[in-house]
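Novice:
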Amino acid sequence: MTQKGDHLQENKGVTYPMDLDSGLLYKGVAATPELGAHEDHGIIYTKSDEKLYHLYDKAGRTENRIAFTMAWGTFTPTVTLVGGAGNTVPVYTANSGRYLRIGDLILVDVFLNGDGGDEGAGTGQINIAIPIAGGASVNGDGVGMVGHADNGAGENYPLFGSIAQEGTTITLDRWTSIKVLAALTGDDQDDVARCVNLHFWYEVD
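For the sequence shown, the positions run 1087 to 1291 when the working numbering is used.
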């Protein structure tokens, strides 16, 4: 594949539009009926506005009906304890979150690790803030397996999470046996080597 001009690339004798910001071009997506069947149709990602566009001719004209935003961001995954008694919110040395938004889909990473202050205590259930509120029309309690926690005392828990409709936190449960889920509580984060690591996705409006 060789570059031709400012906005064209040549591949096997056919010239296609490209984005100079990223150079990404995906050939082979069916052209929409209204536009006709152009042999050089495809999908291109433009870094300047972080959108995908439908290419439909060699002149580089684009159809943006399928365009959607792609954006990275960071956030602080604030921990709270909900319900229960005797609660002390655990404080971590590392407390970081990042996310990728692709249209209405949010992919999230959360990293909580180390002894940054108070050790966790109590029977309140751990909730962690999410970067964007959940959608109003999505099913709550449906996120599924989201990560793991280590209480620092040799006990590791697979974690399941749920996000309510329009929720602003993810609620965590730990897997205690093949059949049983129990709330991840402050008592489960009561050691200096505690950690919670999450990777999950959810939908927004």
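A virtual CB, placed ideally from N, CA and C, is assigned to each residue, including glycine.
Here's the rule I'm using: 16 or more other beta-carbon atoms within 10 Å means buried, otherwise exposed. How should residue 1223 be labelled?
Specialist: Residue mapping note: residue 1223 aligns to position 137 of the sequence shown, counting from 1. So residue 1223 ends up on the exposed side.
Novice: Going along the chain, which residues of its own chain have a beta-carbon closer than 7 angstroms to the beta-carbon of residue 1122, five neighbours each way excluded?
Specialist: By one-based count along the sequence shown, residue 1122 stands at place 36. With a pLDDT of 46 at residue 1122, under the threshold of 50, the modelled position of this residue cannot be trusted; read the value that follows with caution. Counting only Cβ-Cβ distances below 7 angstroms, and skipping sequence neighbours, we find nothing.
Novice: For residue 1283 and residue 1247, what's the separation of their Cα atoms in angstroms?
Specialist: For the purposes of this step, residue 1283 is taken as the residue at position 197 of the sequence shown. For the purposes of this step, residue 1247 is taken as the residue at position 161 of the sequence shown. About 12 angstroms.
Novice: For the pair the stretch 1252-1260 and the stretch 1211-1222, tell me if three or more CB-CB distances fall below 8 angstroms.
Specialist: Because the criterion of three Cβ pairs below 8 angstroms is met, the stretch 1252-1260 and the stretch 1211-1222 touch.
Novice: What does a CB cutoff of less than 7 angstroms around residue 1171 pick up in its chain, not counting 5 residues either side in sequence?
Specialist: Within the sequence shown, numbered from 1, the residue matching residue 1171 stands at position 85. 1208, 1209.
Novice: With a 10 Å radius around its C-beta and 16 neighbouring C-beta atoms as the bar for buried, classify residue 1258 as buried or exposed.
Specialist: Along the sequence shown, read from residue 1 onward, the residue named residue 1258 stands at position 172. With 16 or more Cβ atoms within 10 Å of its Cβ, residue 1258 is classed as buried.
Novice: Beta strand (DSSP E) containing residue 1182: first to last residue?
Specialist: Taking the first residue of the sequence shown as 1, we reach residue 1182 at position 96. It spans 1180-1188 - the beta strand (DSSP E) in which residue 1182 sits, taken as one unbroken run.
Novice: Here's a check: name, in chain order, each residue in its chain whose Cβ is nearer than 6 angstroms to the Cβ of residue 1194, leaving out the five neighbours to either side.
Specialist: Locating residue 1194 in the sequence shown gives position 108, where the first residue counts as 1. So the list reads 1185, 1286, once near-sequence residues are dropped.
Novice: By Cβ distance below 8 angstroms, which residues in the same chain neighbour residue 1289 in space, the five residues on each side in sequence not counted?
Specialist: What you label residue 1289 is simply residue 203 of the sequence shown in a count that begins at 1. The answer, listed in chain order, is 1190, 1191, 1192, 1220, 1221, 1224.
Novice: Output the distance between the C-alpha atoms of residue 1166 and residue 1175, rounded to the nearest integer angstrom.
Specialist: Start at 1 with the first residue of the sequence shown, and residue 1166 comes out as number 80. Start at 1 with the first residue of the sequence shown, and residue 1175 comes out as number 89. Approximately 6 angstroms, taken between the alpha carbons.
Novice: Return the bridge partner residues of residue 1244 from the DSSP annotation.
Specialist: Locating residue 1244 in the sequence shown gives position 158, counting from the first residue. Answer is 1234, bridged to residue 1244.
Novice: Anyone know if the C-beta pair for residue 1199 and residue 1215 falls short of 8 angstroms?
Specialist: The sequence position of residue 1199 within the sequence shown is 113, counting from 1. The sequence position of residue 1215 within the sequence shown is 129, counting from 1. In this structure, residue 1215 does not lie closer than 8 angstroms to residue 1199 by Cβ.
Novice: Check for me: the beta strand (DSSP E) holding residue 1256 runs from which residue to which?
Specialist: As a working mapping, residue 1256 is identified with position 170 in the sequence shown. Where residue 1256 is concerned, the enclosing beta strand (DSSP E) stretches over 1255-1261.
Novice: Here's a check: name, in chain order, each residue in its chain whose Cβ is nearer than 6 angstroms to the Cβ of residue 1182, leaving out the five neighbours to either side.
Specialist: The residue labelled residue 1182 in the question sits at position 96 within the sequence shown. Once the five neighbours on either side are set aside, the close Cβ partners of residue 1182 are 1197.
Novice: By how many angstroms is the C-alpha of residue 1275 removed from the C-alpha of residue 1158?
Specialist: Within the sequence shown, the letter at position 72 stands for residue 1158. Within the sequence shown, the letter at position 189 stands for residue 1275. Cα-Cα distance, rounded: 29 angstroms.
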